[in-house]
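Reviewing the structure listed below.
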Amino acid sequence: MQMKMAATTSDSLDAHSSIKNDLNFFKEWLATIDPSVFGTSTQELQDSDSAEDNQVKPTSKKQERTHTFNKTSSKKQTEPEQETEEEPYSKIKEKQKHKNSKMAKQRKQKTDARLLNIITPRQEDLQQKLRARIEELQGKRGLSVDEQKEKKKLKRKESLLKLKLRKKFEKQNKNKGNLAVQKETVVNGAVGSPNSKPVKPIYNKEGKLVFSKFDFTEAGGKDRGKSNLSGKDYKRLLEKLEKRKEHVEKVKEKDAEKGKQVETKMAWETAIHRAQGQKVKDDPALVKKALKKKEKIKKQKSKQWSQRDSQTKKRMETKIEKRTKNIEERKQQKKDKKNKRAKKKGRLIAGF
Numbered sequence: 001m002q003m004k005m006a007a008t009t010s011d012s013l014d015a016h017s018s019i020k021n022d023l024n025f026f027k028e029w030l031a032t033i034d035p036s037v038f039g040t041s042t043q044e045l046q047d048s049d050s051a052e053d054n055q056v057k058p059t060s061k062k063q064e065r066t067h068t069f070n071k072t073s074s075k076k077q078t079e080p081e082q083e084t085e086e087e088p089y090s091k092i093k094e095k096q097k098h099k100n101s102k103m104a105k106q107r108k109q110k111t112d113a114r115l116l117n118i119i120t121p122r123q124e125d126l127q128q129k130l131r132a133r134i135e136e137l138q139g140k141r142g143l144s145v146d147e148q149k150e151k152k153k154l155k156r157k158e159s160l161l162k163l164k165l166r167k168k169f170e171k172q173n174k175n176k177g178n179l180a181v182q183k184e185t186v187v188n189g190a191v192g193s194p195n196s197k198p199v200k201p202i203y204n205k206e207g208k209l210v211f212s213k214f215d216f217t218e219a220g221g222k223d224r225g226k227s228n229l230s231g232k233d234y235k236r237l238l239e240k241l242e243k244r245k246e247h248v249e250k251v252k253e254k255d256a257e258k259g260k261q262v263e264t265k266m267a268w269e270t271a272i273h274r275a276q277g278q279k280v281k282d283d284p285a286l287v288k289k290a291l292k293k294k295e296k297i298k299k300q301k302s303k304q305w306s307q308r309d310s311q312t313k314k315r316m317e318t319k320i321e322k323r324t325k326n327i328e329e330r331k332q333q334k335k336d337k338k339n340k341r342a343k344k345k346g347r348l349i350a351g352f
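Numbering follows full-length UniProt numbering, in which position 53 of the sequence shown is assigned residue number 53; successive positions increment by one, without gaps.
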């Protein structure tokens with residue numbers, strides 16, 4: 001056992017001595033290398049080593065805490081005290097208000113500069129007069145009632161003038177935009193193609209502008225009024241349609257070609273009226289259907305009215321009956337009261 005113990009201790013001593021030899025060798029090797037390779041001078045390395053040696057490590061956690069606290073306190077003492085007090089909210093609000101007013105003024109100046117391009121000399125003169133008078137009144141103190149009214153009136157006038165000019169300016173901009181859009185013409189479904197030519201406006205014989213390829217207005221004729229085949233008098237419409245049909249048939253019997261011309265003319269008239277946004281009721285089947293529906297609704301309403309009328313009459317009769325009954329009962333009660341009083345006083349004998 002003792003032999004084993006001695007063997008282990010001798011092994012550990014050998015290992016320790018070998019490690020020590022290795023460390024000495026490593027130190028000697030480091031001494032041969034230039035310290036500039038590591039980016040530091042030999043003097044700096046020596047200083048750092050001496051600083052580490054001089055620094056006393058705290059023995060316990062408590063000492064460590066006190067050590068760190070002292071470090072921070074010393075730093076605080078060396079650094080100048082910074083002002084940590086924040087600005088009050090009122091000051092910030094005031095600054096923001098000032099900034100907003102400044103921006104509003106700039107916007108106003110821009111709009112005024114734009115409006116100056118539109119304003120006429122007369123309007124400019126009027127604006128200057130108004131401004132001068134307003135400033136004069138603002139400079140005064142203790143204005144009278146009339147002067148205050150005048151000031152309000154002048155301010156209103158000035159704002160109205162500005163509004164008028166702004167509207168004019170917006171209108172001009174809008175017109176410019178419309179002109180730019182009109183310049184782009186449609187060719188084969190492509191807007192604003194390079195080969196496209198500007199479309200010239202087309203006028204009819206009367207000098208009116210035609211918006212479509214076909215001129216539906218009759219030459220030298222008056223503008224078409226409302227269609228005859230419109231409204232909700234379906235009986236009258238049916239009669240008109242029947243007469244029209246008879247007229248076409250008669251014309252066809254005499255001259256088939258002329259009959260066709262009449263039909264086409266009627267068709268064009270209906271198309272024009274529909275294009276104008278009118279309702280043309282030229283289908284007899286639909287007119288008959290609408291007439292039936294109208295008559296059905298009329299019957300239903302008449303039935304409802306008769307039921308309502310009969311119900312109101314019944315209600316009235318029941319109320320009248322109840323009233324008459326109540327009146328008779330009251331009369332009888334009065335008579336009974338009188339008889340009772342008479343019996344008490346001996347004026348009436350019971351059973352007679």
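Using N, Cα and C, we set each Cβ at its ideal position, and we do this for glycine too.
- Leu209 carries a strand assignment under DSSP once its states are collapsed to helix, strand and coil.
- Under DSSP, the beta-bridge partners assigned to Tyr203 are Leu209.
- In this structure, DSSP gives Gln333 a helical state, which the three-state scheme calls helix.
- Taking a contact to require three or more Cβ pairs closer than 8 angstroms, the region 230-250 and the region 284-304 qualify as touching.
- For Arg122, the enclosing alpha helix (DSSP H) begins and ends at Pro121 to Gly139.
- Per DSSP, Leu241 is one residue of the alpha helix (DSSP H) stretching across Tyr234 to Lys254.
- Of all C-beta pairs linking the region 133-147 to the region 167-175, fewer than three are shorter than 8 angstroms, placing the two stretches out of contact.
- In this structure, Leu137 and Lys151 form a Cβ contact; the two beta carbons are roughly 5 angstroms apart against a cut-off of 8 angstroms.
- If the five residues before and after Val251 are omitted, its C-beta is found closer than 6 angstroms to the C-beta atoms of Lys258, Gly259 and Val262, all from its own chain and listed in chain order.
- When the alpha-carbon of Glu242 is set against those of Thr312, Gln332 and Asp283, the nearest one is in Asp283.
- Distance from the CA atom of Asn100 to the CA atom of Ser159, rounded to whole angstroms, is 21 angstroms.
- Secondary structure at Val145: helix, using DSSP grouped into helix, strand and coil.
- By the neighbour-count criterion, in which a residue is buried when 16 or more other Cβ atoms sit within 10 angstroms of its Cβ, Lys281 is buried.
- By the neighbour-count criterion, in which 16 or more other beta carbons inside 10 Å mark a residue as buried, Leu209 falls on the exposed side.
- In this structure, DSSP gives Lys299 a helical state, which the three-state scheme calls helix.
- Under the criterion of beta carbons closer than 8 angstroms, Ser230 and Gln278 qualify as touching, at roughly 6 angstroms.
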